[in-house]
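Engineer: Can you keep this structure in mind? I'll have questions shortly.
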Amino acid sequence: MLVPQDMLAAQSKMLYQLNKYYGERVQTRKTTVAKTIREVCKVVQDVLREVEVQEPRFISSLTECNGRYEGLDVISPTEFEVVLYLNQMGVFNFVDDGSLRS
3 MLVPQDMLAA
13 QSKMLYQLNK
23 YYGERVQTRK
33 TTVAKTIREV
43 CKVVQDVLRE
53 VEVQEPRFIS
63 SLTECNGRYE
73 GLDVISPTEF
83 EVVLYLNQMG
93 VFNFVDDGSL
103 RS
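Under the numbering used here, the very last position in the sequence shown is 104; numbers go up by exactly one each time.
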């Protein structure tokens, strides 16, 4: 297949710019997001351990599997949801009294 030389140069420049953008923006953002999620999960695991001590029906449900956390949903950059399970029927009330601070 014959391709004009200037087309190869343009394609090469475009590939360079895409790689540069990915390295500077995308990879940096992915790293920042992963770091934030690890920090959030560390705090959540501390809270879950404390709840587990105080509530015997509680089963900790936040587990890491293949670099992802099962039981954690990211709603927005500042909002996360964690799934809580009970090991028997009953009502589970968890109230943040502000005693846990990081």
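All residues carry an ideal CB built from backbone N, CA and C; glycine is no exception. All figures in this text were calculated on a predicted structure; none of them were measured in a lab.
Among I77, V55, V46, T80, which one has its Cα closest to the Cα of E66?
Structural biologist: Here residue 66 refers to the residue found at position 64 of the sequence shown. The candidate whose alpha carbon is nearest that of E66 is V46.
Engineer: With contact counted as at least three CB pairs below 8 angstroms, one residue from each stretch, are the segment 43-61 and the segment 79-89 in contact?
Structural biologist: Flag = yes, the segment 43-61 and the segment 79-89 touch.
Engineer: Relative to the alpha-carbon of V49, which residue among M9, L64, L10 has its alpha-carbon at the smallest distance?
Structural biologist: The count along the sequence shown starts at 1 and reaches residue 49 at position 47. Checking every option, the nearest Cα to that of V49 belongs to L64.
Engineer: Alpha carbon to alpha carbon, what distance is there between R40 and I77?
Structural biologist: Along the sequence shown, read from residue 1 onward, the residue named residue 77 stands at position 75. Along the sequence shown, read from residue 1 onward, the residue named residue 40 stands at position 38. So the alpha carbons of these two residues sit roughly 15 angstroms apart.
Engineer: What ranges does the beta strand (DSSP E) occupy inside the segment 14-97, keeping only unbroken runs of at least 3 residues that lie completely in it?
Structural biologist: Entirely contained in the segment 14-97, the beta strand (DSSP E) runs reaching 3 residues are, in chain order, 65-67, 70-72, 74-78, 81-84.
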